Structure formats: C-alpha cells, structure tokens
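For the sequence shown, the tail end lands on 401 under my numbering, and the numbers increase by one without skipping.
Working notes, structure below.
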Amino acid sequence: MLAQVVLKKVASKLHEVDPSISFELVLWDKGVIKKGDGEPKFKIVFTKTPTSKVLTGGTMDASLIFGELYMDGFIEIEGDFDSAILLLHKNSIKKYTNKVKDIKPPKTTDVEKKNIKSHYDIGNDFYKLWLDSTMSYSCAYFKTKEDSLEQAQLQKIHHTLAKLNLQKGETLLDIGCGWGYLAISAAKKYGVRVFGNTISEEQFKFATNRVKEEGLEDLVTIKLLNYQDLSLEALGLDKPLDKIVSVGMFEHVGKANISFYLSKVKSILKEGGNFLLHSILCEFEGNTNAFIDKYIFPGGYIPTLREVIYASTDLEFELGMAESLRIHYAMTLDKWSENFEAKIDEVRKMYDERFIRMWRLYLDSCASAFRVNSVNIYQLFFTKHFNNNAPLTREYIYK
C-alpha cells in the first residue's frame with residue numbers, strides 16, 4: 003500500500019536524525035513500524051486508515067505530515083510527547099550558514115498584512131477565552147511555579163519596562179503593541195509618552211478602546227501601521243525616541259528583513275537610546291517548521307541569536323544584557339493549553355474540530371519545543387552606539 007511505503011520512508015528519515023530516540027508507528031491494520039532499540043519513547047497511533055492523498059501531498063517533512071494527520075483525526079501521539087516534538091524539530095532543520103542579508107526593502111505590506119490577519123485577526127473573542135485579562139500573547143515571567151498566568155504576565159510587563167529605566171516625560175515606542183497592555187502600563191506607571199503600532203485591525207480596535215477607557219489619550223497613541231512605515235513623521239514627532247521596546251513581533255519580519263528591521267529601529271531612536279527586543283530565537287539557521295509556517299505563522303522566521311548579534315553589531319548597537327526566558331515560555335504555553343482545554347466547549351461554538359486539533363497541537367508542541375531547548379526566547383537589551391551615563395549596575399531593575 004502506498005501509504006505504508008511513504009510512512010516507512012518518513013520513519014527511516016526520522017530515525018536517521020537521532021537514532022537514540024526509539025519510537026513506533028502503530029498502523030491502522032495493527033502493523034508496527036519500529037525504529038530504535040528498547041522500549042519506544044513515543045508511539046504515533048493511527049486511529050483510522052489515511053487515504054493515499056493525505057500522505058502524498060508533495061512533502062516529506064515529517065512535522066507537516068504528522069501535523070496534518072493529527073489535525074484530520076488520523077493519529078494520536080502516546081508516550082513522551084516532548085521526545086516526539088524534539089525528533090520532528092530536528093528533522094525539519096536544514097542547517098545553513100549564509101550571512102544575514104544586506105539591508106533592503108522588505109516584503110510587501112500587503113503580504114505581511116495577510117500573514118498577520120491569518121493569525122491575529124481570527125477574533126478577539128477567541129483569544130479572550132484562553133489568554134489572561136491583560137491579553138498578553140507572549141512569554142510570561144514566573145517567579146514561582148505557583149504563579150497564575152495573569153500574575154506572571156504582569157511580572158513580565160514590569161520586568162520588561164524596568165529594564166528600560168524609563169523616566170517621566172520620555173518617549174517610548176512599542177513595536178507590535180498587540181492589544182495594548184504594555185503601552186498602557188508604561189504610561190500609567192512611568193508617566194512616559196507612548197506610541198504603539200500594529201497591523202492587526204482587531205488588535206488596533208481593542209487597544210484603542212482600552213486607551214480611551216483608561217483616559218490616557220494624551221499619553222498613549224496606537225497606530226494601525228506597519229513597522230516598515232515607522233518614521234518620526236508617521237508618529238508625529240519632531241525628535242528621536244528615547245526608548246523602544248518590541249515584544250513577540252520580531253519573529254514575523256522574515257530572515258531577509260532582519261537588518262532592515264534593526265535599521266528602522268536605529269533611524270528613529272536617539273543617540274544612546276535603549277532598545278529592548280523580546281523574541282523567540284532558535285539554535286540553527288534554517289527553514290521555519292513547515293507545520294507552523296503553513297497553519298500558524300505564515301511567512302514567519304525564527305532567527306538565531308547569532309543572526310541578531312551579527313546584524314545589530316553591523317548597525318553599531320551595543321548589547322548590554324541578554325536574558326533567556328526559555329522555561330518561562332514552556333510554562334506560559336502550558337497555562338494557555340490548560341485554559342484552552344477548560345474553554346473547549348466555547349471554542350467548539352466558534353470553530354470546527356480540525357481547527358481545535360490544530361490549535362491544540364500548536365500550543366502543546368511549542369511548549370515541548372521550549373522544554374527540550376529546540377527553541378529559546380531572549381530579551382536583548384541594546385543601546386544605539388553607546389551611553390556612558392547609563393547606570394553602572396542593573397540593580398535598578400529589581401527595585
């Protein structure tokens with residue numbers, strides 16, 4: 003049978019990636035494809051017979067094949083889920099070491115808008131079901147394992163803003179401001195003039211309404227604006243910004259646009275000004291996971307730490323701090339997954355079972371990817387050129 007032939011090839015390819023991870027494919031006819039010695043760490047169990055079309059869609063990428071099989075209800079994964087995700091991730095990586103591309107005009111705004119709309123504009127009501135009340139859709143910051151999701155998100159916002167050492171009257175730009183909570187928090191706590199931009203219409207409406215409800219129109223301005231079009235003129239400013247922050251947006255710009263993005267930041271930031279970049283980063287340069295690229299974040303790219311340091315150094319940014327929050331993101335995703343499952347009846351009123359299985363796989367597989375260090379997340383604190391008057395220690399962050 004053609005389906006079995008394809009699965010044997012995919013299983014062999016997976017085994018070659020890391021022979022130390024044993025696994026089994028339990029087929030619909032009770033046949034077993036086993037790879038590795040000893041007890042299998044995980045099993046991919048077929049609950050029904052897949053059609054040949056499902057397995058012959060022109061790809062041999064295991065993450066996409068098994069991701070679609072799971073979405074369509076053909077398989078369940080039993081055993082050590084983290085090991086399964088680690089193996090699938092290793093299989094999807096195609097290492098290469100080409101330099102970060104030179105600064106050039108990025109992909110078109112229309113393409114980026116379409117990519118963002120596919121993820122962030124699926125409905126605020128959906129995100130409200132499983133995010134916390136801050137509507138923070140990025141890595142939280144846990145001080146203890148007992149912290150609630152909302153507590154950890156508030157701690158992340160405080161930790162992020164504290165690093166910037168904001169002073170009353172300064173200007174701050176939040177690139178990719180999401181639903182606006184960080185921008186509002188900065189204005190309320192530090193008395194800074196905040197600008198935020200997003201290209202998601204759903205986020206723009208929600209964040210703008212939040213600002214009005216807080217009575218902060220004089221301090222916070224949300225723009226429906228692509229980062230590509232950021233300029234002092236577009237923000238209504240006559241002098242460069244004091245500080246810039248970007249949380250969970252950099253992953254959307256694409257490999258070819260890393261230097262362009264950083265050069266855009268540099269062009270609107272004052273000399274000696276600070277820029278905090280909060281972004282997922284991966285171990286090796288290579289292709290984006292095929293399943294994530296097709297179904298979750300079309301057009302996205304997870305850069306490596308090396309790529310970011312290379313590009314930022316070329317643009318004369320000084321790196322002052324680098325903090326990994328890897329385990330914090332695994333914990334965040336676990337909390338999101340728990341909330342998602344707790345609200346599953348309400349989700350079913352909005353979306354079909356295929357979407358639900360897709361989203362479940364996305365949340366759980368990403369949590370596993372962070373646990374096994376297939377991906378990481380960093381807060382990188384940069385200064386434009388240098389600032390000799392900056393605090394001598396980092397004690398101010400923890401006051």
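Idealized CB from N, CA, C, for every residue including glycine.
None of these values were measured; they are calculated from a predicted model.
Contact between residue 253 and residue 282 is confirmed by a C-beta separation of about 5 Å, below the 8 Å threshold. Here residue 14 is exposed: its Cβ has fewer than 16 other Cβ atoms, across all protein chains shown, within 10 Å.
For residue 320, the enclosing beta strand (DSSP E) has its first and last residue at 319-326. Here residue 42 is buried. Its C-beta has 16 or more other C-beta atoms within 10 Å. Taking one beta carbon from each stretch, the segment 285-298 and the segment 334-353 have fewer than 3 pairs nearer than 8 Å; the two do not touch.
As summarised for the segment 141-174, the continuous alpha helix (DSSP H) elements at least 4 residues long and confined to that stretch are 151-165, given in chain order. In summary, residue 50 is exposed, with fewer than 16 beta-carbon neighbours lying within 10 Å of its beta-carbon over all protein chains present. Under DSSP, residue 281 forms a beta bridge with 380. The C-beta of residue 390 has fewer than 16 other C-beta atoms within 10 Å across all chains shown, which makes the residue exposed. Minimum Cα-Cα distance from residue 11 among the listed residues 180, 24, 181, 37 corresponds to 37. Looking at the backbone, the Cα of residue 135 and that of residue 39 are separated by about 47 Å. By DSSP's assignment, residue 78 forms a beta bridge with 47.
In this chain, residue 228 is not harboured by any beta strand (DSSP E), its DSSP state being neither H nor E.
Annotation: the continuous beta strand (DSSP E) that includes residue 200 extends over 195-200. When Cβ pairs closer than 8 Å are counted between the two stretches, the segment 264-279 is seen to touch the segment 237-254, the count reaching three or more.
Of the candidates 27, 270, 216, 219, the residue whose Cα lies closest to the Cα of residue 237 is 270. Rounded to whole angstroms, the gap between the alpha carbons of residue 349 and residue 128 is 7 Å.
A Cβ-Cβ separation of about 5 Å places residue 317 in contact with residue 268 under the 8 Å criterion. Taking the Cβ atoms as the reference, residue 72 lies roughly 6 Å from residue 359, within the contact range of under 8 Å.
Distance check between residue 45 and each of 63, 352, 87 places 87 closest, using alpha-carbon atoms only. In this structure, the straight-line span from the alpha carbon of residue 8 to that of residue 23 is close to 20 Å. With a threshold of 16 other beta carbon atoms within 10 Å, residue 176 meets it and is buried. For residue 35, the uninterrupted beta strand (DSSP E) segment begins and ends at 34-37. In this structure, the alpha-carbon of residue 199 lies about 11 Å from that of residue 174. Within its own chain, the residues whose Cβ lies closer than 6 Å to the Cβ of residue 141, once the five positions on either side in sequence are excluded, are 327, 330, 331, 334, 379, listed in chain order. Counting the other CB atoms within 10 Å of its CB gives residue 52 a total of 16 or more, which places it among the buried residues. Residue 125 and residue 204 do touch by the CB rule: their CB atoms are close to 7 Å apart, below 8 Å. Around the CB of residue 241, fewer than 16 other CB atoms lie within 10 Å, so the residue is classed as exposed. Here residue 257 really is in contact with residue 303; their C-beta atoms are around 5 Å apart, less than 8 Å.
Per DSSP, reduced to three states, the secondary structure at residue 274 is strand.
Here DSSP, grouped into helix, strand and coil, assigns residue 357 to helix.
The three-state reading of DSSP puts residue 296 in helix, counting H, G and I together.
Taking a C-beta distance under 9 Å as the contact criterion, residue 164 and residue 182 do not qualify as a contact pair.
Shortest Cα-Cα distance from residue 262 to any of 234, 230, 273 involves 230.
If you look at residue 241, you'll find it isn't in any beta strand (DSSP E); DSSP assigns it neither H nor E.
Its Cα nearest to that of residue 193, the residue 169 stands out among 178, 201, 206, 169.
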